[in-house]
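Participant:
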Amino acid sequence: MPKILSSEQVDAFRRDGYVFPIRAISAADAADCRRRIEAFEATSGGPLHGGLRHKTHLLFPFLADLVRNPVILDAVEDLYGPDLLCWTTNFFIKEAATPSFVSWHQDSTYWGLSTPDVVTAWVAFTPATSANGAMQFIPGTHLHDQIPHRDTFDKDNLLTRGQEVMVDVDGAKAVTITLGAGEMSLHHVRLVHGSPPNHSADRRIGLAIRYIPTHVRPIAGADSATLVRGVDAFGHFEPEPRPAIDMDPALVEFHHRVTTRNARILYRGTAVRSYDDEGAVGRR
Ligand code: NI
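Residue numbering for the sequence shown follows this note's numbering, starting at 38 and increasing by one per position.
(1) So PHE99 is in the alpha helix (DSSP H); what residue range does that whole segment cover?
(2) Below 7 Å, is the gap between the Cβ of HIS142 and the nearest heavy atom of ligand 1?
(3) Is DSSP giving ASP283 helix, strand or coil here?
(4) With C-beta atoms as the reference, is GLN143 less than 8 Å away from GLN183?
(5) I need the straight-line Cα distance from TRP159 to GLY243, nearest angstrom please.
(6) With ARG73 as the anchor, note down where its alpha helix (DSSP H) starts and where it stops.
(7) Just curious, the beta strand (DSSP E) that GLU220 is in, first and last residue?
(8) With DSSP as the reference, label GLU114 as helix, strand or coil.
(9) Based on DSSP bridge pairs, tell me the residues matched to TRP159.
(10) Excluding sequence positions up to five away, which residues of its chain have a Cβ less than 8 Å from the Cβ of VAL268?
(11) Assign GLU277 to one of three DSSP states: helix, strand, or coil.
(12) Would you kindly work out how many angstroms separate the C-alpha atoms of PRO153 and HIS225, rounded to a whole number?
(13) Below 8 Å on the Cβ atoms is my guess for GLY54 versus LEU228; work out the distance and round it to an integer in Å.
(14) Mapping DSSP to helix, strand and coil, what is VAL295?
(15) Per DSSP, ILE130 is paired with what?
(16) Excluding the 5 residues preceding and the 5 following VAL155 in the sequence, name in chain order all residues of the same chain whose CB lies nearer than 8 Å to its CB.
(17) Does at least one heavy atom of ligand 1 sit under 7 Å from the Cβ of HIS225?
(18) Report all residues from its chain with a CB closer than 8 Å to the CB of VAL104; omit the five preceding and five following residues, and keep chain order.
(19) How about HIS230: is its Cβ closer than 7 Å to a heavy atom in ligand 3?
(20) To the nearest angstrom, how far is the alpha carbon of VAL206 from that of PRO176?
(21) Within 10 angstroms of the Cβ of ASP102, are there 16 or more other Cβ atoms? Answer buried if so, exposed if not.
(22) In the DSSP assignment, the alpha helix (DSSP H) including ARG60 goes from what residue to what residue?
(23) If you drop the 5 nearest sequence neighbours on each side, which residues of the same chain put their C-beta closer than 7 Å to that of ALA133?
(24) Can you give me the start and stop residues for the beta strand (DSSP E) that TRP141 sits inside?
(25) If I measure Cβ to Cβ from ALA68 and keep anything under 7 Å in the same chain, skipping five residues before and after, which residues do I get?
(26) Report the CB separation of ALA168 from GLU220 in whole angstroms; it is logged as a contact under 8 Å.
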């Protein structure tokens, strides 16, 4: 018996490549997450940027707790079993009335993982609506193999390389993933998805938490991950410590090292050397 998802939701994930909405945290807790991130932004010179948007759960205890949230983990366990790593987290923040978008892509393209057993829990800190650039999914596309992508490095594209699938996507089949604050969607690493700009008067903030079962291996260089449930009998990833305080100095150093290494995997074959270099090629 699944722990959180219904059998129908598990079947839907297998058939369509996604399931939503699922209540992960309360709307009040989502508002609190937003407040904490914005309090940090207020003292650090503006919107989260560069490496701070990635593996941010290594820098803030409240996000370390979120990636270990039992409701989220129960749902992921329903799909991928009881031994789970959080491989990374990525903030997707679209400022009010800005052109930032995400092109149609499969997450699996540059991640350097051995199998497509990867699921994203996308947790909404603000509501996600068609007006503010909610994600769109093309149902069933996770059943395709890896599709070739081209890099665009479009400055308004929130993806690392501005990558997009090299096939025509039938936008008429797209499903808009509308979420309330504190709700999440779960999507498969091969699902074709994207998102349009935020035309609304407020920011749209979501945290994408990437989970893998412990048997998945890094295949493009050493990488790290956080064991969040069960046991890791494989040890394919360098274990990650948990922050005790916001911007814990020991963790800031660790975070910089592992995100720089991870960025080299994601940007392999390009001139970009770290998330903080993104600006050098016109990236956010
Ligand atoms: Ni994606």
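Ideal Cβ placement from N, Cα and C applies to all residues, glycine included.
Facilitator: Reading it off the structure:
(1) Residues 98-104.
(2) Flag set: Cβ of HIS142 near ligand 1.
(3) In the structure shown, ASP283 adopts coil according to DSSP, grouped into three states.
(4) Yes, the pair counts as a contact, with Cβ atoms nearer than the cut-off.
(5) In this structure, the straight-line span from the alpha carbon of TRP159 to that of GLY243 is close to 6 Å.
(6) For ARG73, the enclosing alpha helix (DSSP H) begins and ends at 64-80.
(7) 220-225 is the extent of the beta strand (DSSP E) around GLU220.
(8) In the three-state DSSP reduction, GLU114 falls in the helix class (H, G or I).
(9) As computed with DSSP, TRP159 is found in a beta bridge with SER222, ALA245.
(10) Cβ within range, chain order: ASP120, THR251.
(11) Reduced to three states, the DSSP call for GLU277 is coil.
(12) Answer to the nearest angstrom: the Cα atoms are 8 Å apart.
(13) Sure, about 4 Å apart at Cβ, within 8 Å.
(14) VAL295: helix per DSSP, three-state reduction.
(15) Beta-bridge pairing links ILE130 to ILE242.
(16) TRP124, ASP144, SER145, TRP148, HIS225, VAL226, ARG247, TYR248, ILE249, VAL253, listed in sequence order.
(17) Answer for HIS225: no, Cβ out of range of ligand 1.
(18) So the list reads HIS94, CYS123, THR126, ILE246, THR263, VAL265, once near-sequence residues are dropped.
(19) By its list of ligands, the structure shown excludes ligand 3, since it contains just ligand 1.
(20) A direct Cα-to-Cα measurement between VAL206 and PRO176 gives close to 11 Å.
(21) Looking at its Cβ environment, which holds fewer than 16 other Cβ atoms inside 10 Å, ASP102 is exposed.
(22) Per DSSP, ARG60 belongs to no alpha helix (DSSP H); it is in the beta strand (DSSP E), 55-60.
(23) Closer than 7 Å at Cβ, skipping near neighbours: ASN235, SER237, ALA238, ASP239, ARG240.
(24) Boundaries of the beta strand (DSSP E) around TRP141: 139-142.
(25) If we look at ALA68 and ignore the five residues flanking it on each side, its Cβ neighbours are ALA218.
(26) About 17 Å separates the two Cβ atoms, so there is no contact after all.
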